[in-house]
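Student: Residue numbers (the numbering used here): 5 to 244. All C-beta atoms, glycine included, are put in the ideal place defined by N, C-alpha and C. Nothing here was measured: the structure is a model prediction, and the numbers come from that model.
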Amino acid sequence: MLHAAHVLPPGEISVGAGLSGQLALLPLQAGQVAGVPATQNQSSLETLAVGPGVAPWAAGRIGFEGSNEAGLTYSGRTLRLDGRHAFLLGKGNVALSVGLGASALMADRPGGGDQASGVFGGGADIPVLIGWRSTSNLYAFWFGPRGGFEVLSGRVQLLDVSATPTLYDFSGKHFYGGLTAGTRVGFRHVYLALEVNAAYHAADGSFQTSPTATSPAGPSASTSVQQLSVTPAGALIVTF
């Protein structure tokens, strides 16, 4: 997310760009999908649902009256629109932020041909952050939980047991929950933000051979993945 618990003042805008990298920590435990090597179906589900890897990050945010803020974030395969409200505590140096985000996902980019692959989806998440910032706003720290879900569907191309590329109809669900911690340091209108997220993921998906002009759809089979991930991220952010 790469934003502090405090929201922007009304009318103030921030824009930022950087990188994030999600690391999967647990080895895969092979499930079964008819016609697909077991290790491959687990790896495909992990790629589609969890999405480990390095991705660009870009975002814009704006503050509103009443300690509210909205933002739009792009992170490689996800476009997220969110809003949040901050409750100031004590003398205002500490804030509790509660938000709600909605995301559109492109888990697998479309390929070519008449039966192109491509997996898309959507989801929602709720982040809760508590944080502190200096009186001069030179630096800030924040941490808190974040949980959410995603629903995915589309077509994905896998190699079957004979190493032949085959299209499979895919549908899946992904639930996750974890903790986020971050810091921001800067002067006047330019800041460097660093954040790390640790999360538990639970995903399940169904694969079915796509029908063709010469053959009907094949049998449907399911598999699941449980994964732990660590996602460090960093960005340069400018406010005006």
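When the distance is taken between beta carbons, is L49 closer than 7 Å to G152?
Tutor: Taking 7 Å as the Cβ cut-off, G152 and L49 do not qualify as a contacting pair.
Student: Excluding sequence positions up to five away, which residues of its chain have a Cβ less than 6 Å from the Cβ of A62?
Tutor: Here the set comprises A21 and Y78.
Student: Within its chain, find whatever has a CB closer than 7 Å to the CB of F191; leave out the 5 residues flanking it on each side and keep chain order.
Tutor: Only L142 meet the Cβ criterion.
Student: Relative to the C-alpha of A203, which residue among S47, P56 and P14 is closest?
Tutor: The shortest Cα separation from A203 among S47, P56 and P14 belongs to P56.
Student: For the beta strand (DSSP E) containing S252, list its first residue and its last residue.
Tutor: This structure does not reach residue 252, given that the chain is present from 5 up to 244, and the question cannot be answered.
Student: Look at the Cβ atom of L92, then the Cβ atom of A99, and state whether they are nearer than 7 Å.
Tutor: A contact, by the Cβ cut-off of 7 Å.
Student: Pick helix, strand or coil for S214, following the three-state DSSP scheme.
Tutor: Correct three-state label for S214: coil.
Student: What is the DSSP secondary structure of T51, counted as helix, strand or coil?
Tutor: Residue state, collapsed to three classes: helix.
Student: Starting from the C-beta of K95, find all residues in its chain whose C-beta is less than 6 Å away, skip the five residues before and the five after it, and write them out in chain order.
Tutor: Excluding sequence neighbours, K95 sits near nothing in its chain.
Student: Suppose you measure from the CA of S175 to the CA of T168; what does that come to, to the nearest Å?
Tutor: Each residue's alpha carbon lies about 21 Å from the other.
Student: Can you give me the C-alpha to C-alpha distance between R88 and A106, rounded to a whole angstrom?
Tutor: Their Cα atoms are separated by approximately 12 Å.
Student: Which one of I66, I134, Q230 and G238 has the shortest CA to CA distance from A28?
Tutor: Nearest of I66, I134, Q230 and G238 to A28, Cα basis: Q230.
Student: My understanding is that R65 touches L12, with C-beta atoms under 8 Å, so please give their C-beta distance in whole angstroms.
Tutor: R65 to L12, Cβ: 6 Å. Contact.
Student: Assuming the contact rule is C-beta atoms closer than 8 Å, A144 and R188 should be a hit. Round their C-beta distance to whole Å, please.
Tutor: Their Cβ separation, rounded to whole angstroms, is 5 Å, which keeps A144 and R188 in contact under 8 Å.
Student: Let me check understanding here. Comparing Cα to Cα, which of V58, L198 and G181 lies closest to L6?
Tutor: Considering only alpha carbons, the answer is L198.
Student: Closest to A53 by CA distance: which of A90, P236, A74 and S228 is it?
Tutor: Of the candidates A90, P236, A74 and S228, the one whose C-alpha sits nearest the C-alpha of A53 is S228.
Student: Is the distance from the Cβ of A225 to the Cβ of L156 below 7 Å?
Tutor: Their beta carbons are not under 7 Å apart, which means A225 does not touch L156 by this criterion.
Student: According to the Cβ coordinates, are P149 and L183 closer than 7 Å?
Tutor: Going by C-beta atoms, P149 is nearer than 7 Å to L183.
Student: In whole angstroms, what is the alpha-carbon distance linking E16 and A237?
Tutor: Approximately 23 Å, taken between the alpha carbons.
Student: From L232 to A59, what does the alpha carbon distance come to, in whole angstroms?
Tutor: Whole-angstrom Cα-Cα distance: 18 Å.
Student: Take the Cβ of S18 as the centre, count every other Cβ of all protein chains shown within 10 Å, and call the residue buried at 16 or more, exposed below.
Tutor: With 16 or more other Cβ atoms within 10 Å, it is buried.
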